[in-house]
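Single-structure report; data block below.
Protein chains: 2
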Amino acid sequence: MYSNSDPIRRLSNYRRVLCKLRALGFERFVSDNLGGALDISPAQVRKDFADYGLTGNKKGGYDVKDLIEKLNNILGKNELQKIIVVGCGGMGKTLMGYNGFAGEGMKVVAGFESNPAAINPAAFIPIYDLNDMPDYIKREGIELAIMTVPESAASKIADILKGCNIKGILNFAPIMLKSTEECIIRNINIIHEMENIIYFAGKMH
Amino acid sequence: MYSNSDPIRRLSNYRRVLCKLRALGFERFVSDNLGGALDISPAQVRKDFADYGLTGNKKGGYDVKDLIEKLNNILGKNELQKIIVVGCGGMGKTLMGYNGFAGEGMKVVAGFESNPAAINPAAFIPIYDLNDMPDYIKREGIELAIMTVPESAASKIADILKGCNIKGILNFAPIMLKSTEECIIRNINIIHEMENIIYFAGKMH
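Sequence order for the protein chains is R and Y. The opening residue of the first sequence carries number 1 in the numbering used here; numbering runs sequentially from there. The opening residue of the second sequence carries number 206 in the numbering used here; numbering runs sequentially from there.
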């Protein structure tokens with residue numbers, strides 16, 4: 001499901017390679033062969049750079065730091081992206097503790113739960129009552145949510161989030177929720193991923 | 206990333222609707238309007254039924270139970286699909302305990318870890334030493350793995366799994382691993398999902 005046909009993924013990968021170049025001490029890079037390690041053609045790299053205004057190619061090449069800065073702007077990495085997690089069961093708690101967010105300018109700021117036993121406002125990342133979520137979203141200006149609720153609750157919770165003007169949802173509930181004009185939703189369905197794998201693995205016998 | 210353009214996803218969704226029909230007491234269904242609730246056109250449903258040999262439309266309609274049986278065969282639900290989890294940190298443990306597998310004919314039978322402190326052969330789902338994985342895979346005839354290892358270990362672990370003739374891998378490590386002729390790999394990258402959401406959510410301001 002991940003492929004280089006996703007432009008945002010390509011930009012993210014360019015950024016990752018550029019950050020590695022910077023870490024290696026490179027200040028400029030001259031080739032448009034950035035896509036080599038990423039299996040992306042030079043033509044596609046040039047097109048992406050044109051499409052997303054990644055200019056600045058001079059005789060000495062692109063300025064690595066400048067390009068990273070431009071990519072950070074496009075990918076929203078220049079401001080902290082605050083995320084709430086709705087549904088603090090096993091998957092929710094795992095994502096609240098996911099250490100991959102920090103280096104990417106993302107932070108889970110709170111969790112929300114309907115089960116009283118799981119509510120814990122004193123936790124390092126506080127878990128609040130689901131009923132308090134709309135107020136929290138408004139007060140803290142939250143725009144992003146990860147949904148790890150049971151399938152039976154998913155539609156209702158998504159509607160509540162949309163009603164609170166949440167702009168983006170990553171949904172782990174095993175039901176496909178649709179994006180609207182005001183809210184982009186991406187669905188991760190582990191069962192469907194496994195079904196795909198099992199189907200194609202079965203063909204290999 | 207989930208869309209109705211994925212045929213296996215469509216088959217899985219047909220199965221889900223048919224199981225609900227069966228639970229409601231329906232033995233036959235006459236319409237090809239199966240796709241209605243799923244946003245799939247009747248033409249696509251007919252094409253899928255033809256492509257995957259889902260025959261049996263008679264005057265009284267399709268036999269619901271028979272269709273479910275055929276779909277179970279296609280989707281590999283008629284035999285228990287044994288899965289191992291490689292990397293038993295937070296995400297690995299969460300997936301080991303994921304209760305969505307049972308109803309879908311899937312079962313996590315063991316976890317594997319390199320960290321001695323996490324190894325626990327006595328656990329309900331045992332966690333073994335990573336070094337014992339190749340023997341286990343061979344002995345138990347395992348073909349499916351979920352990888353929840355750090356990025357730095359992902360390529361090496363994938364190579365080991367391929368070397369053990371694992372046929373399908375669901376990879377949660379934040380690195381895109383490629384399928385081969387012998388092994389299908391699907392990648393779930395939470396950071397990339399969030400980057401996509403942040404990008405499009407940012408456009409809504």
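Note that the Cβ used here is the ideal one computed from N, Cα and C, for glycine as well.
Nonlocal neighbours in the same chain, by C-beta distance under 7 Å from residue i, ignoring five residues either side
i, result
"Y:TYR267", "ARG233, PHE234 and GLY261"
"Y:LEU226", "PHE234 and VAL269"
"R:VAL219", "Examination of residue 219 of chain R is not possible in this model, given that chain R is present from 1 through 205 alone."
"R:TYR52", "LEU11 and ILE74"
"R:THR139", "According to the sequence displayed, residue 139 of chain R carries Arg and not Thr. So no residue of the chain qualifies."
"Y:LYS408", "none"
Spatial neighbours of residue i in its chain, beta-carbon cut-off 6 Å, leaving aside the 5 residues before and after
i, result
"Y:VAL290", "GLY297, LEU300, MET301, VAL313, GLY316 and ILE351"
"R:CYS88", "GLY111, GLU113, ALA118 and ILE127"
"Y:SER384", "ILE390"
"Y:TYR207", "In this prediction, Y:TYR207 has a pLDDT of 43, which is less than 50 and means its spatial position is unreliable; what the coordinates show is noted afterwards. Closer than 6 Å at Cβ, skipping near neighbours: no residue."
"R:LYS162", "CYS183"
"Y:ASP334", "ILE324"
"Y:LYS283", "Correcting the residue type first, residue 283 of chain Y is Asn in the shown sequence and not Lys. Cβ neighbours of Y:ASN283 beyond the five flanking positions: ASN277."
"R:PRO116", "none"
"R:GLU195", "none"
"R:PHE49", "none"
CB contact flag (residue i, residue j, <8 Å)
i, j, result
"R:LEU38", "R:ASN13", "yes"
"R:ALA158", "R:LEU177", "yes"
"Y:GLU348", "R:ALA201", "yes"
"Y:ILE402", "R:ILE175", "no"
"R:GLY100", "R:LEU80", "no"
"R:TYR199", "Y:GLY281", "yes"
Proximity to residue i [Cα-Cα], best of the options
i, options, result
"R:ILE40", "R:GLY103, R:LYS82 and R:PRO7", "R:PRO7"
"R:CYS164", "R:ILE198, R:MET133 and R:ALA123", "R:MET133"
"Y:GLU387", "Y:GLU400, Y:ILE371, Y:VAL269 and Y:ALA378", "Y:ILE371"
"Y:ASN394", "Y:TYR404, Y:ALA378 and Y:LEU226", "Y:ALA378"
"Y:ARG221", "Y:GLY308, Y:ASN320, Y:ASN401 and Y:GLU345", "Y:GLY308"
"R:GLY168", "R:ARG46, R:LEU11, R:ALA43 and R:ILE83", "R:ILE83"
"Y:GLU356", "Y:ARG344, Y:ASN325, Y:ASN392 and Y:ASP334", "Y:ASN392"
"R:SER155", "R:ASN171, R:GLY141 and R:ALA50", "R:ASN171"
"Y:PHE231", "Y:TYR303, Y:GLY265, Y:LYS408 and Y:ALA248", "Y:GLY265"
"R:LYS47", "R:ALA122, R:LEU24, R:SER5 and R:ASN78", "R:SER5"
"R:ILE191", "Y:ASN283, Y:TYR303, Y:PHE254 and Y:LYS263", "Y:TYR303"
Bounding residues of the alpha helix (DSSP H) (the contiguous stretch that carries residue i)
i, result
"Y:ILE159", "In this structure chain Y extends from 206 to 410, so residue 159 of chain Y is not present and cannot be described."
"Y:LEU276", "269-280"
"Y:MET296", "295-301"
"R:ALA201", "190-202"
"Y:ALA194", "Outside the shown range of chain Y (206 to 410) lies residue 194 of chain Y, about which nothing can therefore be said."
"Y:VAL222", "212-228"
"R:ILE137", "133-140"
Residue range of the beta strand (DSSP E) that includes residue i
i, result
"R:PHE124", "Per DSSP, R:PHE124 belongs to no beta strand (DSSP E) and is neither H nor E."
"R:ILE108", "In the sequence under discussion, the amino acid at residue 108 of chain R is Val, which differs from the Ile named in the question. Taken as a continuous stretch (DSSP letters only), the beta strand (DSSP E) holding R:VAL108 covers 106-113."
"Y:GLY373", "373-376"
"Y:ILE389", "389-392"
"Y:LYS287", "286-291"
"R:ILE146", "144-147"
Nonlocal neighbours in the same chain, by C-beta distance under 8 Å from residue i, ignoring five residues either side
i, result
"R:LEU18", "PHE29, LEU34, VAL64, LEU67, ILE68 and LEU71"
"Y:TYR329", "Note on residue identity: the sequence assigns Phe, not Tyr, to residue 329 of chain Y. Hits under 8 Å: none found."
"R:ASN120", "PRO126 and ILE127"
"Y:GLY346", "LYS287"
"R:GLY90", "none"
"R:ILE160", "MET133 and PRO134"
Proximity test, residue i beta-carbon vs the ligand PLP heavy atom, cut-off 7 Å
i, result
"Y:GLY240", "Absence of the ligand PLP is noted for the structure shown, with no ligands found whatsoever."
Beta carbon proximity, residue i to chain B, threshold 8 Å
i, result
"Y:LEU285", "Given the protein chain composition of this structure (R and Y), no chain B is represented."
Practice problem: Decide yes or no for the touch test of the stretch 268-277 of chain Y against the stretch 64-78 of chain R: beta carbon pairs closer than 8 Å, at least 3 of them. | Solution: no
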